[in-house]
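Below: the structure, in structure tokens.
Protein chains in written order, with full-length UniProt numbering: chain V, 1 to 413; chain R, 1 to 413.
This is how it looks when you write it as structure tokens:
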């Protein structure tokens, strides 16, 4: 048996004790972890400096360096995140169904932890503290496998949190930080059926697809968002322009940012020149269909552009005949994340919401709202783009499963 | 593109229309299907005779032939099953959460169909009508891939139901019956990401493990049950004997039947001779640990016996020191299906229920109750032994996902 499997076995075993830890104890552990992150920030910043130096020597891009860099403010945010999770209601133990069966059996359907959650992630070191906090609050053991570029920072964060947790009663071995950042190690994690109950990849679409394709352990697919805004014929064009500009430019690197603009043919002449100007002013590169290109100097879109999650100041544009063509286009190229229609027509709004296959379907609002915070979940481990188990923002509840507790007095069947 | 992929694409497209079909329409379709099965039973029996003849010529076992065989009574049961599903509440459209966000967005979390469900199954032709009924009631397209031994029967059932459905407004192409029973075809189905939303294997553990290991499409693992009964020191021994005999012998071929008996060392002398006699009287072969074999003439258990789902009149036996050893044994060898303790001790009951990792954990009752009917779900597409999405008996609700419907009046972020 490999060392990783052996460690995972220990996590699984330790997670059984964590699963029944009272909420008050778990909250105390999270608060101690937050305090330790702040108190021992020197160690974290030192480790982070090692990662940054290595990244710089490899010629890493400034944007990437920024994602990697920690400072006092960012460490404070990580600690605040843990305090916030400590303050959220604990879903573990919640009764979500049941009754007395015809046989007289008393059946209680109760939320319980998933068991062991595996997180495979890239870049941002704050994922280490976020994911650990959410998994521990929900009574799950956690195996963390971060990217090589942040390995020193991640290891320091995990070590400091674990030590602080154990001092407050966290069962030993419930957290496993995998410092081996090799590809083989990821491959092994993906096949650890019986040791890992669910695998959540967080990162770019390359990572996510590799995990979805390669894993035999159940996976929750997250985060890739090729989101569209469809501006219908009857749209309030001023509202439409604001929504498009916001959805594209307010934070282009996140998954709920819009990547593609669909415009009804009838209002294209009135809308496109205006929105092109507004987007160009924000530095957005535009790739359009032949018809859209009549309304501004923009590049030609390829088939690839329509399927692309730019995560950048770039956007594809297409003129469509009606809401039906818009829906067909979205169901073909979208990633089932977040989609929006801007319209005044109630029938088209309903048709769009019913027929578009996505986690969140908006009428007259920016796709940027798809988020655990905005949806009232309090915190978020990721945004699911699959349909099994969880769809859209995943909070604490989505890190649980349930168990039937059944009590009888000798019933046989 | 293969023919199967092309067909699956049509199912996916057609399923969008099915997803918004009103409940009354879906119920009328199910009732018409039930009627057609009865009216056209001659065709079904003819097809079944072809399957039976082929099976006989291959020297198939009598038990297998019995599972394959249809008659008027069994066809009536299939029709009754459809009528029952028609009478169940429709989960599609149910509002399961939401509210008005701080931004003023109105968020409604509503159940929607999964999309396209793939069922890979063996033997019993009634799975064809059961699975079709449950998937259609929940607005899902369905791709059915039955075993080669029942291909003529399954094809006849699917054809008759589809024709009757279409005559009452079922969108064409929402059902795809795969008559190619080759292994390659199963392999292809397992990789149809984007075309199949979930794959549910129903059959023996060989089939289920092959699908879990080979699929890149999300899978719900069902049905393998290595269920245990632990008889604690304080148990009512008469109750314990009844529960053990019932759980083992009332229907040994099903997944909620008990496969293993654990007995507290202190009561082994008082309990084992008695329960061995009762089990032997029912024809049960016993495989025990050295200590258990002091109490009766039974075979020696191997490590393999403890991991085995016999699905037959056979049972493994082990004497344990206490509830902790029982729980450790179950968590090591069990399949997270159904587990039971017989005890009068409230602490041990609680410890067992909390610590055993399974879909249903019983106190003083037979494991045989883990069933959609008994749990009040009305019908069942299978029993999940995984933790994602659904655990234990899966009814109509488990064949849905949800979607966030979000309405604004120009919100940007």
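Glycine included, C-beta positions come from ideal geometry on N, C-alpha and C.
Taking CB atoms only, residue 103(V) has a neighbour in chain R less than 8 Å away. Less than 8 Å divides the Cβ of residue 284(R) from the Cβ of residue 314(R). Taking one beta carbon from each stretch, the region 23 to 31 of chain R and the region 135 to 148 of chain V have fewer than 3 pairs nearer than 8 Å; the two do not touch. Within chain V, no residue has its CB atom less than 8 Å from the CB of residue 190(R), the nearest being about 11 Å off. If you draw a straight line from the Cα of residue 23(V) to the Cα of residue 398(V), it is about 17 Å long.
Closer than 8 Å to the CB of residue 374(R) there is at least one CB belonging to chain V. For residue 153(V), the enclosing alpha helix (DSSP H) begins and ends at 151 to 167. An exposed status is given to residue 187(R), since fewer than 16 other beta-carbon atoms sit within 10 Å of its beta-carbon. Using a Cβ-Cβ cut-off of 8 Å, residue 276(R) is close to nothing in chain V; its nearest Cβ partner there is about 19 Å away. Chain V has a Cβ within less than 8 Å of the Cβ of residue 242(R). In this structure, the beta-carbon distance from residue 406(V) to residue 361(R) falls below 8 Å. In the DSSP assignment, residue 351(R) falls within the alpha helix (DSSP H) that extends over 346 to 355.
Contact of residue 352(R) with chain V is not assigned, every C-beta pair being separated by 8 Å or more. If you draw a 10 Å sphere on the C-beta of residue 238(V), you find fewer than 16 other C-beta atoms in it, and that means exposed.
Within the model, the alpha-carbon separation for residue 354(V) versus residue 409(R) is close to 19 Å. A contact is defined here as three or more CB-CB pairs under 8 Å, and the region 6 to 14 of chain V meets this definition with respect to the region 159 to 177 of chain V.
The three-state reading of DSSP puts residue 215(R) in coil, since its state is none of H, G, I, E or B. The C-beta of residue 173(V) comes no closer than 8 Å to any C-beta of chain R. For the pair residue 305(V) and residue 287(V), the Cα-to-Cα distance works out to about 7 Å. By the C-beta density criterion, residue 357(R) is buried, having at least 16 other C-beta atoms within 10 angstroms. Cβ neighbours of residue 103(V) within its own chain (closer than 6 Å, five residues either side excluded): 411. By the CB criterion at 8 Å, residue 85(R) and residue 115(R) fall outside the cutoff.
Three or more beta-carbon pairs separated by less than 8 Å link the region 260 to 279 of chain R to the region 227 to 237 of chain R, which places the two stretches in contact. For the region 87 to 99 of chain V, the set of positions with a beta-carbon nearer than 7 Å to some beta-carbon of chain R reads 99 in chain order. Bridge pairing for residue 264(V): 320(V) [DSSP]. Judged by pairs of C-beta atoms under 8 Å, the region 321 to 330 of chain R does not touch the region 198 to 213 of chain R, as fewer than three such pairs exist.
Only those residues of the region 395 to 412 of chain V whose C-beta falls short of 7 Å from the nearest C-beta of chain R are listed: 401, 402, 403, 404, 405, 406, 407, 408, 409, 410, 411 and 412.
Burial state of residue 53(R) is exposed, judged by a 10 Å Cβ sphere holding fewer than 16 other Cβ atoms. For the region 376 to 389 of chain V, the residues whose beta carbon sits under 9 Å from a beta carbon of chain R are, in order, 376, 386, 387, 388 and 389.
Annotation for residue 293(R): no alpha helix (DSSP H) segment contains it, and DSSP assigns it neither H nor E. For the pair residue 280(V) and residue 245(V), the CB atoms are not nearer than the 8 Å cut-off.
Residue environment: residue 61(R) is assigned as exposed (fewer than 16 neighbouring CB atoms within 10 Å of its CB, all protein chains considered).
Contact annotation, residue 308(R) with residue 259(R): C-beta distance approximately 7 Å; criterion of less than 8 Å satisfied. Taking a beta-carbon distance threshold of 8 Å, residue 252(R) does not count as an interface residue toward chain V. Interface residue (Cβ-Cβ distance to chain R less than 8 Å): residue 333(V) is not classified as such.
Distance from the CA of residue 136(V) to the CA of residue 25(V), rounded to the nearest whole angstrom, comes to 11 Å.
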